[in-house]
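In this note's numbering, each residue carries its 1-based index in the sequence shown increased by 724. C-beta: ideal position from N, C-alpha, C; glycine also.
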Amino acid sequence: MNYIIINAFIFLCGIIGSLLGCLLSFFISPNNKRFLSVSIAFTSGLMLGMICFGLIPEAIYSCGDFITISIIILITLVILFIELNVEKIKSFNIKNASGFIILFGIALHNLPEGIAVGSSFVNDRYLGLLIAITIILHDIPEGFVLAVPFNINMTRKRDTIIYSILAGIPTGIGCIIGTFFGSINNISMGICMAMAAAAMLYIIISDLIPEYNRINKGKLPIIANIIGIILGILLMEWK
């Protein structure tokens, strides 16, 4: 498949999910905790299943277990360092500060997701397509969460939509990086997939799982999370 077509497709995937979530925020109350918790739980489970049974095994096959584990540890430390410094921005009195912090965080997270899709497409089109669809689903609640603080502060809907689109653009940038380095050789492809897996694992464990537990402490999100994991495993087995 032509790399230009792949990158254009992933670019749209990153924007579509975030934009859909933003548009939903205009019609669904942010107090609808069941919708938010279940959607975040399901997509985080789906991502977790595909990472553990798709990305990581493919990375180990391409570049070996030592390099894969080393990359996962390194990327985790890098993201942790970045997030700790981003937290310092909250001390500044900026209008819509919470919204822009969320915007920056989502944009930062979308970059490795794009790398995951790009490097996956180079290695396995089916895996790349599945991860692309998963990212759309994952970006819907993210777009919703992003739009909420802007809506609360009466930001114009047009501006909120623009912010959601900006949050999705790094996915396309990450895809370009993933397809470029992933096409050099098996080792570089494995490194890209390990980097993406590490970043996505960090997002799931650090942000998504605590978030759906915070929003709704009931059992339904847990069930949705497990269903997502099982579906991710099945999708990897059916390819």
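message: So, for I752: in the same chain, excluding its five sequence neighbours on each side, which residues have a beta-carbon less than 8 Å away from its beta-carbon?
response: Around I752: F759 and F868.
Span of the alpha helix (DSSP H) around R758: Per DSSP, R758 is one residue of the alpha helix (DSSP H) stretching across K757 to M774.
- prompt: If we count the other Cβ atoms within 10 Å of its Cβ and call it buried at 16 or more, is E782 buried or exposed?
  reply: By the neighbour-count criterion, in which 16 or more other beta carbons inside 10 Å mark a residue as buried, E782 falls on the buried side.
message: So within the segment 913-944, which uninterrupted alpha helix (DSSP H) runs reach at least 4 residues, ignoring any that extend past its ends?
response: Fully enclosed alpha helix (DSSP H) runs of 4 or longer: 933-939.
task: Report, in whole angstroms, the separation of the C-beta atoms of G745 and I864, which I expect to be a contact under 8 Å.
output: Correct: roughly 4 Å between the Cβ atoms.
message: I'd like to know whether the C-beta atoms of T895 and F735 end up nearer to each other than 8 Å.
response: F735 is positioned such that its CB atom lies closer than 8 Å to that of T895.
- prompt: Counting Cβ pairs closer than 8 Å, one from the segment 852-861 and one from the segment 934-945, do we hit at least three?
  reply: No: fewer than three Cβ pairs fall under 8 Å.
- prompt: Roughly how far, in whole angstroms, is the beta-carbon of S768 from the beta-carbon of I933, given that I think they are within contact range, below 8 Å?
  reply: Cβ atoms of S768 and I933 come within 8 Å of each other, at about 6 Å.
query: Would A856 pass as a contact of V846 if the rule is Cβ separation under 8 Å?
result: For the 8 Å CB-CB criterion, A856 and V846 do not form a contact.
query: Between the C-alpha atoms of T884 and A831, what's the straight-line distance to the nearest angstrom?
result: Those two C-alpha atoms are separated by around 15 Å.
message: To the nearest angstrom, how far is the alpha carbon of I791 from that of I784?
response: When rounded, the distance between both Cα atoms is 8 Å.
field: Same chain only: Cβ atoms within 6 Å of E837, ignoring 5 sequence neighbours per side
entry: Cβ contact annotation for E837 (same chain, cutoff 6 Å, sequence separation greater than five): I859 and T895, in chain order.
message: Let's test the definition: count the other Cβ atoms within 10 Å of the Cβ of A891 and tell me whether it reaches 16, buried, or not, exposed.
response: That one is buried.
- prompt: Taking the alpha-carbon positions, what's the L779 to A923 distance?
  reply: Going from the Cα of L779 to the Cα of A923 covers about 12 Å.
query: In chain order, what residues of the same chain have a beta carbon less than 7 Å from the beta carbon of M774, not counting five sequence neighbours either side?
result: Hits under 7 Å: L854, I855, T858, G956, L959 and M960.
- prompt: Taking C-alpha atoms, which residue in C899, F766, S907 and T879 lies nearest to L835?
  reply: Of the candidates C899, F766, S907 and T879, the one whose C-alpha sits nearest the C-alpha of L835 is C899.
task: Could you tell me how far apart the beta carbons of I839 and A732 are, in whole angstroms, since I believe they sit closer than 8 Å?
output: Not quite, the Cβ-Cβ distance comes to about 16 Å (not below 8 Å), so this is no contact.
- prompt: Can you give the beta carbon distance from M771 to S844, rounded, assuming they're within the 8 Å contact cut?
  reply: About 13 Å; that fails the 8 Å criterion.
message: Helix, strand or coil for G788? Go by DSSP, reduced to three states.
response: Coil.
field: Buried versus exposed, by CB contacts within 10 Å (16 or more), L870
entry: By the neighbour-count criterion, in which a residue is buried when 16 or more other Cβ atoms sit within 10 angstroms of its Cβ, L870 is buried.
Euclidean distance between Cα positions of S761 and I951: So the alpha carbons of these two residues sit roughly 14 Å apart.
- prompt: Are I728 and I889 close, meaning C-beta to C-beta below 8 Å?
  reply: Result no, Cβ atoms of I728 and I889 do not sit closer than 8 Å.
query: Taking C-beta to C-beta, are I803 and Y926 nearer than 8 Å?
result: The answer is yes: Cβ separation under 8 Å.
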